[in-house]
Each structure stands twice: as C-alpha cells, then as structure tokens.
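Undergrad: Here my numbering is used: the first residue of the sequence shown is 234, the next is one more, and so on.
Every residue gets a Cβ at the ideal spot worked out from N, C-alpha and C, and that includes glycine.
Since this is a predicted model, take the numbers as computed values, not measurements.
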Amino acid sequence: MSARAAALRRLAVAAWLLLLLSVAAWPFVAPIGRLPWALAFVPLLLPLPALLAGSTRALRAATLALTPLLVIAVTEYLVSESARLPAGLSLGLAFAAFAVIVAALRAAAPH
234 MSARAAALRR
244 LAVAAWLLLL
254 LSVAAWPFVA
264 PIGRLPWALA
274 FVPLLLPLPA
284 LLAGSTRALR
294 AATLALTPLL
304 VIAVTEYLVS
314 ESARLPAGLS
324 LGLAFAAFAV
334 IVAALRAAAP
344 H
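#1: Does E314 come out as helix, strand or coil in the three-state DSSP assignment?
#2: What does a CB cutoff of less than 8 Å around T300 pick up in its chain, not counting 5 residues either side in sequence?
#3: Do you know offhand how far R237's Cα is from V246's?
#4: Do the segment 249–258 and the segment 278–287 meet, that is, are 3 or more Cβ pairs less than 8 Å apart?
#5: Three or more C-beta pairs under 8 Å: does that hold for the segment 259–266 against the segment 327–341?
#6: Which residues in the same chain as F274 place their Cβ atom closer than 6 Å to its Cβ, once the five residues preceding and following it in sequence are excluded?
#7: What did DSSP end up calling P260 once you bin it into helix, strand or coil?
#8: Using CA atoms only, rank isn't needed, just tell me which of A320, L322, A336 is closest to A293.
#9: When burial is assigned at 16 or more other CB atoms within 10 Å of the CB, is L322 buried or exposed?
#10: Return the residue from the list S235, P343, R242 that minimises the CA-CA distance to A291.
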C-alpha cells in the first residue's frame, strides 16, 4: 500500500469516527426520536471494527452503511427546524466521509 493510500485510509477512519460522534449527539441536542436515531446510528457501527483493522472491503461496505443516515438526516433537516443544525452537520460529515472513502478506494486499487 502506498503512503498516499495509507494516509487516505486514516483520513477515512477519522471522518467515520467524527460522523459517528455527530450522530451519537443527536438525541442530546435535538428532538429526534429514538427509532430514527437508532436506524441512522446502528448501521454506522457495522463496518467500524473492519475499518479500524484496515479492510478495503469495509471501505466498500461503509458507503452502503451511509444510506439510512442520509435518508433520515435529509428528512430531519427538511422537516424539523430544531434538528436542522445537527442533521446538517451530519449530512456534511457524511458527504465528506463518502468522498474520502472513495478517494481511499481509488488509491488502494491496483493501477
């Protein structure tokens, strides 16, 4: 693995952890129900152990784990004025994590 690929993988893990923290804070900073929060949060935990271990397959799975979060965060952003800030922050972090994951996958791919 090249130094660039390793750096992008570390950046992807850092972005994923920041995203996890932002979604974990939802119940404390906004009136988001437990079920929508759990549906957004739990899928983010699934690829975490393999991401920390450096698995390329986990990077691929992580992009799919973002889907429930994107749906719920967009809904909360549009519907709930009090949840707009945390949902918007999580959306920004989700898009940043997605971009870094795609960059890490491209750097890890054989040329």
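TA: Taking the definition as stated:
#1: Looking at E314 - three-state DSSP - the assignment turns out to be coil, as it is neither helix nor strand.
#2: So the qualifying residues of the chain are P276.
#3: A straight-line Cα-Cα distance of about 14 Å links R237 and V246.
#4: Three or more pairs of CB atoms, one per stretch, sit closer than 8 Å, so the segment 249–258 contacts the segment 278–287.
#5: Touching, no.
#6: The beta carbon of F274 sits closer than 6 Å to those of V256, all from its chain and outside the five residues before and after it, given in chain order.
#7: Residue state, collapsed to three classes: helix.
#8: Before going on, a small fix: residue 293 reads as Arg here, not Ala. Ranking A320, L322, A336 by Cα distance to R293 puts A336 first.
#9: When all chains shown are included, L322 counts as buried.
#10: Comparing Cα-Cα distances from A291 to each of S235, P343, R242, the minimum goes to R242.
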